[in-house]
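These notes are about the structure you will find just below.
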Amino acid sequence: MKRRNRAEVAVVILRTPIGRLGVAATARGLCRVEFDAKGIRAARGSAAARAHLKKAVQQLREYFAGARKEFDVPLDLRGTQHQVRVWRALEEIPFGRTRTYGDVARKLGLPVAAARAVGRACATNPVAVVLPCHRVLGGDGGLHGFGGGLWRKRALLELENSEYIRQGVLFKDNMKGWKN
């Protein structure tokens, strides 16, 4: 995997209802949306990177304001072939809907037993929120593993008025680790 030249990456810190996000882009597109932007420093980057970053920040603001359901900013995804396949499958989960890790595995033509491999790929999602790994639930319909914390996963599902929130499928005993 080729590393990005830091001088080519534009970075901003975006304040959101779920905390500060580190948002970064290259000339190819958005490359990072990271929770808890501690230790991340803003960087100017190239003009093309700044243009992608500006578009991504605007779309994230619209999303958190409830005015955007899909993102159309170009992405600069770098990972294994499996990771990129999973990340691209996440784009197909509609706003307000959820899928299980097993559902994503089946969508990719993998056996449901590959759900753990899907979960590992979701855990390495470099552009959280934009590639909606928060819409992926455990096979039991509960919230499991989320790099930003389960409280953020629930907050994003609530923002989207997710079917699982509306149907009351997320039970209190699945709320361990959530912020109140």
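Following my numbering from start to finish, the sequence shown increments by one per residue and tops out at 420.
Beta carbons are placed, not taken as given, at the ideal position from N, Cα and C, and that holds for glycine.
- Of the candidates 336, 251, 369, the residue whose Cα lies closest to the Cα of residue 401 is 336.
- For residue 363, same chain residues with a beta-carbon under 7 Å away, outside a window of 5 residues either side, are 385, 387 in chain order.
- For residue 328, the secondary structure class from DSSP, reduced to helix, strand or coil, is helix.
- Residue 276 has its alpha-carbon roughly 24 Å from the corresponding atom of residue 312.
- Within the model, the alpha-carbon separation for residue 379 versus residue 287 is close to 44 Å.
- By the CB criterion at 7 Å, residue 394 and residue 258 fall outside the cutoff.
- With contacts defined by Cβ atoms closer than 7 Å, residue 310 and residue 285 do not form a contacting pair.
- Counted as a single uninterrupted DSSP element, the alpha helix (DSSP H) harbouring residue 304 occupies residues 287 to 304.
- Here the alpha carbons of residue 347 and residue 355 stand approximately 11 Å from one another.
- Residue environment analysis places residue 296 among the buried positions, since at least 16 neighbouring C-beta atoms fall within 10 angstroms of its C-beta.
- The Cβ atoms of residue 273 and residue 352 do not sit closer than 7 Å to each other.
- Residues of the same chain with a CB within less than 6 Å of the CB of residue 256, apart from the 5 flanking positions on each side, are 304 in chain order.
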